[in-house]
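Residue numbers for the sequence shown, in the numbering used here: 14 to 161.
In this text, a Cβ means the ideal position worked out from N, Cα and C, and glycines have one as well.
Fair warning: this is a prediction, and the values are worked out from it, not measured in the lab.
Please read the structure below before turning to the comments.
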Amino acid sequence: MKRKMQKQCVTCNQWKDEEEFNWRYKALGIRHPTCRDCHKPFRRNWYENNKERHLEQVKQRKHEARRVAREFALQYLCEHPCIVCGESDPRVLEFHHYNNKHRALSVMIAGGYPVKTIQKEIDKCDVLCANCHRKRTTTQLGWFRGKK
């Protein structure tokens, strides 16, 4: 049985499990000196006093994350032409999942997912132009227009 580490909160002076303290610097393994229960009123008060500033910062970070994701996807499409016909115009290129799709890439890019996460999903895809993608999809799924 693994023994839990204990830490003393600087506010309430109670000894609590280390997991009851938020991470301060997770990469360094350093936790906050105040337990979650004592820190909660402080966080709530800070948010109420800085709500507009906080929401603006969130909006800016999200906008920047989307921009980075869009640029990454565009750069990838510029470097990878259609694998069927060789079309290289990024305006008509699309990602075609060929196995175990986690989430649509368009959703991930619009959501500002990290580039590393998007890259993992792109690794499960082929790049096809819109025409080749439509042809392959109708054939694979047996759509009525895909039958000759």
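C-alpha gap between residue i and residue j, whole angstroms
i      : j      : result
Asp139 : Arg37  : 41 Å
Arg44  : Asp102 : 50 Å
Gln88  : Tyr60  : 38 Å
His49  : Ala78  : At residue 49 the sequence reads Arg, which differs from the His that was named. Cα to Cα, the separation comes out at about 29 Å.
Ala143 : Asn112 : 19 Å
Glu69  : Lys53  : 22 Å
Glu65  : Phe55  : 17 Å
Ala117 : Leu154 : 17 Å
His110 : Asn62  : 46 Å
Thr24  : Lys17  : 21 Å
Thr152 : Cys51  : 60 Å
Thr47  : His93  : 51 Å
Lys72  : Arg104 : 27 Å
Cys22  : His67  : 27 Å
Cys98  : Glu84  : 24 Å
Lys20  : Lys29  : 6 Å
Strand pairing of residue i, partner residues [DSSP]
i      : result
Lys20  : Lys29
Asp139 : His109
Arg44  : Trp36
Chain D within 8 Å of residue i, Cβ atoms only
i      : result
Val120 : Absence of chain D from the displayed structure is noted, only one protein chain being present.
Cβ distance (whole Å) where residue i is taken to contact residue j below 8 Å
i      : j      : result
Leu141 : Cys91  : Contact doesn't hold; Cβ gap of about 15 Å is too wide.
Lys75  : Gly125 : 5 Å
Buried versus exposed call for residue i [16 or more other C-beta atoms within 10 Å across all chains shown]
i      : result
His115 : exposed
Ala108 : With the sequence shown as reference, residue 108 is identified as Phe, and Ala is not the correct amino acid for it. Buried: at least 16 other Cβ atoms inside 10 Å.
Phe34  : buried
His146 : buried
Thr106 : Sequence check: residue 106 is Leu here, not Thr. Leu106 comes out buried.
Glu31  : exposed
Ala82  : buried
Ala40  : exposed
Stretch-stretch touch, CB-based, cutoff 8 Å, three pairs: the region 130-148 with the region 113-121: Touching, yes.
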